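Undergrad: If you're matching positions, the sequence shown starts at 0 in numbering that gives the first Met the number 0 and goes up one per residue. Every residue, glycine too, gets a C-beta built ideally from N, C-alpha and C. Note that this is a predicted model, so its numbers are computed, not measured. Just dropping this structure here.
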Amino acid sequence: MFSDNKKPRAMNDTGAQPNRIGKNTKIKGDIISEADFRIDGKLDGNVKTSGKVVIGKDGYIHGKVECVNADIEGNFNGELQVSELLTLKSSAVIEGTVSVAKLAVEPGATFNANCNMKGKGESSVKTGSEQNPTKSSSFKAPLRGNSNEAAKTT
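Quick look at the structure:
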């Protein structure tokens, strides 16, 4: 009935337990951690983690996020620095500035941001002599199977 062979909870590479901010939770302030974060509530502040940040469909962040990977289904407004992969689900709404190595966008996602694509290992900090990032007011990924239709950018 009771066993010592319990399945371990999911952990990121650092061994830290993932954190979760629930749907009916509002937080104002900064979060610094080595663990992954899932945000289904509202955060007005900054997140810095060596893990992954997930913004759920009902989640909202207004502030700065620094992480390795991010999956966004909800809303983000601010500065987003992702050192590896940023995945935008179809319900995602992004506004602000984004610095990322790799970007995956599902059809239907809204991407209203200045975006700086950097190679792996490059610094996200740019000097004034470097080219300005591009502004995309509404990025809609093309539907699959329709290779003649380009992504809409303004």
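1. Does the Cβ-Cβ distance between Lys88 and Lys51 come in under 9 Å?
2. Give me the Cα-Cα distance between Ile20 and Ser90, rounded to the nearest whole angstrom.
3. Along the chain, which unbroken stretches of the alpha helix (DSSP H) at least 4 residues long are found entirely within the stretch 23 to 99?
4. Compute the Euclidean distance between the alpha carbons of Ala100 and Thr24, then round it to the nearest angstrom.
5. In whole angstroms, give me the CA-to-CA distance for Lys41 and Ile54.
6. To which residues of the same chain is Asn18 closer than 6 Å at the C-beta, ignoring the five residues directly before and after it?
7. Just to confirm before moving on: does the CB-CB distance between Ile93 and Asn111 stay below 9 Å?
8. Taking 9 Å as the threshold (C-beta atoms), are Gly95 and Asn68 in contact?
9. Compare the C-alpha of Gly107 against each of Glu78, Ile71 and Lys47 and name the closest.
10. My guess is that Lys22 and Asp43 are in contact by the Cβ rule of under 8 Å, so how many angstroms apart are they, rounded?
TA: Once the coordinates are examined:
1. As a first step, residue 88 is located in the sequence shown; it is residue number 89 there, counting from the start. As a first step, residue 51 is located in the sequence shown; it is residue number 52 there, counting from the start. It is not a contact, given that the beta carbons lie outside the stated cut-off.
2. What you label residue 20 is simply residue 21 of the sequence shown in a count that begins at 1. What you label residue 90 is simply residue 91 of the sequence shown in a count that begins at 1. If you take the alpha carbons of Ile20 and Ser90, they lie about 19 Å apart.
3. Runs found: none.
4. Reading the sequence shown from its first residue, position 101 is the one you call residue 100. Reading the sequence shown from its first residue, position 25 is the one you call residue 24. Taking the straight line from one Cα to the other gives about 31 Å.
5. On the sequence shown, position 42 is the one that residue 41 refers to. On the sequence shown, position 55 is the one that residue 54 refers to. The alpha-carbon atoms of Lys41 and Ile54 are separated by roughly 10 Å.
6. Counting from one through the sequence shown, the residue named residue 18 turns up at place 19. Result list for Asn18: Ala34 and Phe36, in chain order.
7. Translated into the one-based positions of the sequence shown, residue 93 becomes position 94. Translated into the one-based positions of the sequence shown, residue 111 becomes position 112. Yes.
8. Here the question's residue 68 lines up with position 69 in the sequence shown. Here the question's residue 95 lines up with position 96 in the sequence shown. At least 9 Å separates the beta-carbon of Asn68 from that of Gly95.
9. In the sequence shown, the residue the question calls residue 107 occupies position 108. Sorting Glu78, Ile71 and Lys47 by C-alpha distance to the C-alpha of Gly107 places Ile71 at the top.
10. Locating residue 22 in the sequence shown gives position 23, where the first residue counts as 1. Locating residue 43 in the sequence shown gives position 44, where the first residue counts as 1. Wrong, their Cβ atoms sit about 16 Å apart, outside the cutoff.
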